[in-house]
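J.:
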Amino acid sequence: MELIIGYTAAFCTTAAFIPQAYKVFKTKRTTDISLGMFLLMTFGVFLWMVYGFMLSAIPIVAANFLTLILAFYIFWMKLKLDVVSAKREV
Numbered sequence: 476m477e478l479i480i481g482y483t484a485a486f487c488t489t490a491a492f493i494p495q496a497y498k499v500f501k502t503k504r505t506t507d508i509s510l511g512m513f514l515l516m517t518f519g520v521f522l523w524m525v526y527g528f529m530l531s532a533i534p535i536v537a538a539n540f541l542t543l544i545l546a547f548y549i550f551w552m553k554l555k556l557d558v559v560s561a562k563r564e565v
């Protein structure tokens, strides 16, 4: 039962990042994403992954690793697109 709850929670938290990553991919816009909130959330995901390693909990590690991949993509696009739009405004 614990594994079912763990895998379900892992699926939900990872799946929560997919719509945002897809929207960024399709629209190439990140202006509506708060950098501070996003960095704090990504750091929290990283800490969950570390915690999962400490517990040897594969559902926690796997879900947060996948979420970090999505988060780094969104973060990279935010930096890239914000720099491009800042250069256009100058």
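Going by the working numbering, the sequence shown opens with residue 476, and the numbers climb by one from there.
By construction, the Cβ of each residue, glycine as well, lies at the ideal position given by its N, Cα and C atoms.
Apart from the five residues on each side of it in sequence, which residues of its chain come closer than 6 Å, Cβ to Cβ, to A569?
T.: Because the chain in this structure spans residues 476 to 565, residue 569 falls outside the shown range and cannot be described.
J.: Going by Cα to Cα distance, which pick from G519, Q495, L522 is closest to T506?
T.: Working through the sequence shown from its first residue, we reach residue 506 at position 31. Checking every option, the nearest Cα to that of T506 belongs to Q495.
J.: Express the C-alpha separation of S509 and M552 in angstroms, rounding to a whole number.
T.: Along the sequence shown, one-based indexing puts residue 552 at 77. Along the sequence shown, one-based indexing puts residue 509 at 34. Between M552 and S509, the C-alpha separation is close to 13 Å.
J.: Excluding the 5 residues preceding and the 5 following I611 in the sequence, name in chain order all residues of the same chain whose CB lies nearer than 8 Å to its CB.
T.: What the structure shows of the chain is the stretch from 476 to 565, and residue 611 is not part of that stretch, so it cannot be assessed.
J.: Given this structure, state the Cα-to-Cα distance separating L556 from K503, to the nearest angstrom.
T.: One-based indexing of the sequence shown puts residue 556 at position 81. One-based indexing of the sequence shown puts residue 503 at position 28. Taking the straight line joining both Cα atoms gives about 7 Å.
J.: Which ranges does the alpha helix (DSSP H) cover as unbroken runs of at least 4 residues, wholly within the segment 484–537, from first to last along the chain?
T.: The segment 484–537 contains these whole alpha helix (DSSP H) runs: 510–530.
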